[in-house]
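Only one structure is covered here, and it is reproduced in the block below.
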Amino acid sequence: MSDHNHSHSGGKTLLFALVFTTGFAAVEVFGGLIADSLALLSDAGHMLTDSLSLGIGAFAAWLAKKPASRQHSFGLKRAEILGALFNVLFMFGVIVFIAYEAIRRMADTPAVAGGMVLAIGGLGLLVNIAVAWALMRGEQTINVRGALLHVMGDLLGSVAALVAGAVIYLGGPPIADPILSLFVSLLILVSAIRLLREVTQVLMEGVPEGIDAHEVGCALVRVDGVVAIHDMHIWSLSSNSQALAAHIDVEAMGRWEEILPQLQTTLRGRFGIEHTTLQPEDAAIRRVCDAEPDCGAGVM
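According to this note's numbering, the residues represented by the sequence shown are 18 to 317, in order.
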């Protein structure tokens, strides 16, 4: 019951962030077009990518709950990763657009309605502070922490738009608008590179971040009755679901029913690895095979 409540609470928090972020992004697009402010438009682009990420993430999370089938033996857990890949490609497109527009406007800077930029930028700052506060008070799941990271980037983008509006409103050069929009695009670039690295790590079936394969092997060997671990593979099914497959050399095959639950408890409790495939092997037979090159060869 507790897990269900936590999941429901986290979902409501993300929905709150999605609604507020998307709604204010629309306001910034409208204001940016009226005020001819690239800083507002670039910050709106940042917020829209976050909204899209939250929306796709929520949809992918729904798909990931689908049970396994004959066509998808692990279920649809990788839907989350495909959604992230779409998001990162979209983010790179936004970066290219903002950078192109900023460079073009530096050469021919149009007049910008500084007062409107200042007002919308200030409102955006308040919205992002409210969303960040809600996320920090919500259930701290991986998705919520990721959303909070993006919202903090949005908050900095709103600060950039606010500064641009203040500079122009106080009589400063309009070129402050495209310069600060480049700063916002840099924030998007940092997020995009980080997300691409995480997506690539999962798609290449690398060891999940935060898990040390050597430490996992040592922990398993410490289980009473285990002699050695070999052919061990650790990978991610999704951002919060890890899998492991390994061969376990045991002192006595008759003890396997006793050893297996201890191995699973160690993997689940210490490393959060739920999906495991552990194959027992007799350590004595393996030692003989290591010493005899023709061990296991067929009779001619």
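The beta-carbon is built from N, C-alpha and C at its ideal position, and this holds for glycine as well.
Check	Outcome
Distance CB(A119)-CB(S208) smaller than 8 Å	no
Sequence-distant residues of its chain with Cβ nearer than 7 Å to T283 (five each side left out)	A236, L237, V240
Residue environment, I302, which counts as buried when at least 16 other CB atoms sit within 10 Å	exposed
As assigned by DSSP and simplified to three states, the class of E268	coil
Local Cβ density within 10 Å of L179, reported as buried at 16 or more and exposed below that	buried
Under the three-state DSSP convention, the category D53 falls into	coil
Any beta strand (DSSP E) of 3 or more consecutive residues that is wholly inside the region 206 to 256	243 to 255
Per DSSP, cross-strand counterpart(s) of S258	S255
M270 beta carbon less than 8 Å from that of D248	no
Neighbourhood of E222 by C-beta distance below 7 Å, restricted to the same chain and skipping five residues each side	W252
In DSSP terms, what P297 is bridged to	I265
Whether L135 touches G188 by CB criterion (8 Å)	no
Host alpha helix (DSSP H) of Q88 (start-end)	Here Q88 belongs to no alpha helix (DSSP H), and DSSP marks it neither H nor E.
Rounded separation between G72 and L35 - CA only	7 Å
Residue span of the alpha helix (DSSP H) that contains G286, given as start and end	273 to 288
Residue from L254, E275, R121 with nearest C-alpha to G92	L254
Inter-residue Cα distance where the pair is S202 and R272	59 Å
Top-ranked residue by Cα proximity to R285, from A260, V267, A96, A101	A260
Close Cβ partners of S86 (< 8 Å) along its chain, the five nearest in sequence each way excluded	G92
Exposure label - E97; buried when at least 16 CB within 10 Å	buried
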